[in-house]
Amino acid sequence: MDIRGVVAVASVLLLAGCAPGAATPAEGEAPAAAEGATGCEASTDDSYAPFSDPALSAHPEDGTEWGDGTKLDFTYDAYDAARFPQFGYDLGYIQDDGSVSPMGGGFFDKDEEGNFSTSNNVFDSNAFGNYGFMTVTITQEAEGGGDPLTTETIGVYCLKFVEG
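Taking mature numbering (1 follows the signal peptide of the UniProt record, and there is no 0), I'd label the letters of the sequence shown as residues -25 to -1, 1 to 139.
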């Protein structure tokens, strides 16, 4: 191969490296939200992957609208009153870039053994109209009592935040 052939091959390789394509995020940056993704699929934060503990026999459906005083009901079949359980939640909404912005949380109302709910309003927020997550936790005494309290995540649910 003569010098022109070597230059031609090198040029093709250099241009191929500059061809437009999906850029990879720099170290420490979150990947961009999936193009065309809707709802909670637009999240780029894997720590909010929706799931439900099998003991939660009642919980919100994916994409349930909440924040306007609508009641969300849960039933936890593994409820053990002797462990003094408290159910809580944390909220986060999905921003345009796919990252999740934490927005606080609270405790559920205990309706009866194993049944709990919330009908809280989400106050004026950038979350309105956006999808996000409700992370549900249970805090209770360790089995056998007298031991330190334990907190466990028992569900992550996709919600659409609406204005109350």
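Even for Gly, the Cβ is constructed at its ideal location relative to N, Cα and C.
Since the structure is predicted, the reported quantities are computational estimates derived from the model, not experimental observations.
Distance, residue j Cα to residue i Cα
{"i": "Asp84", "j": "Glu16", "result": "29 Å"}
{"i": "Cys133", "j": "Asn96", "result": "17 Å"}
{"i": "Phe49", "j": "Pro29", "result": "12 Å"}
{"i": "Thr32", "j": "Tyr51", "result": "The displayed chain sequence assigns Ser, not Thr, to residue 32. The straight-line gap from Cα to Cα measures roughly 6 Å."}
{"i": "Asp122", "j": "Glu116", "result": "6 Å"}
{"i": "Leu47", "j": "Val111", "result": "12 Å"}
{"i": "Glu40", "j": "Gln70", "result": "17 Å"}
{"i": "Gly107", "j": "Ala56", "result": "31 Å"}
{"i": "Glu118", "j": "Arg58", "result": "7 Å"}
Top-ranked residue by Cα proximity to residue i, from the options
{"i": "Glu36", "options": "Gln70, Ser18, Tyr64, Val131", "result": "Val131"}
{"i": "Gly81", "options": "Ile113, Phe103, Asp20, Thr13", "result": "Ile113"}
{"i": "Tyr54", "options": "Ser74, Asp86, Gly38", "result": "Asp86"}
{"i": "Gly139", "options": "Met109, Phe103, Thr125", "result": "Phe103"}
Assumed close pair residue i, residue j - CB separation to whole angstroms, cut-off 8 Å
{"i": "Phe62", "j": "Phe91", "result": "5 Å"}
{"i": "Ser27", "j": "Val75", "result": "That belief does not hold up - the Cβ atoms of Ser27 and Val75 are roughly 18 Å apart, past 8 Å."}
{"i": "Gly14", "j": "Gly38", "result": "6 Å"}
Residue i burial status per 10 Å Cβ neighbour count (16 or more: buried)
{"i": "Gly42", "result": "buried"}
{"i": "Lys135", "result": "buried"}
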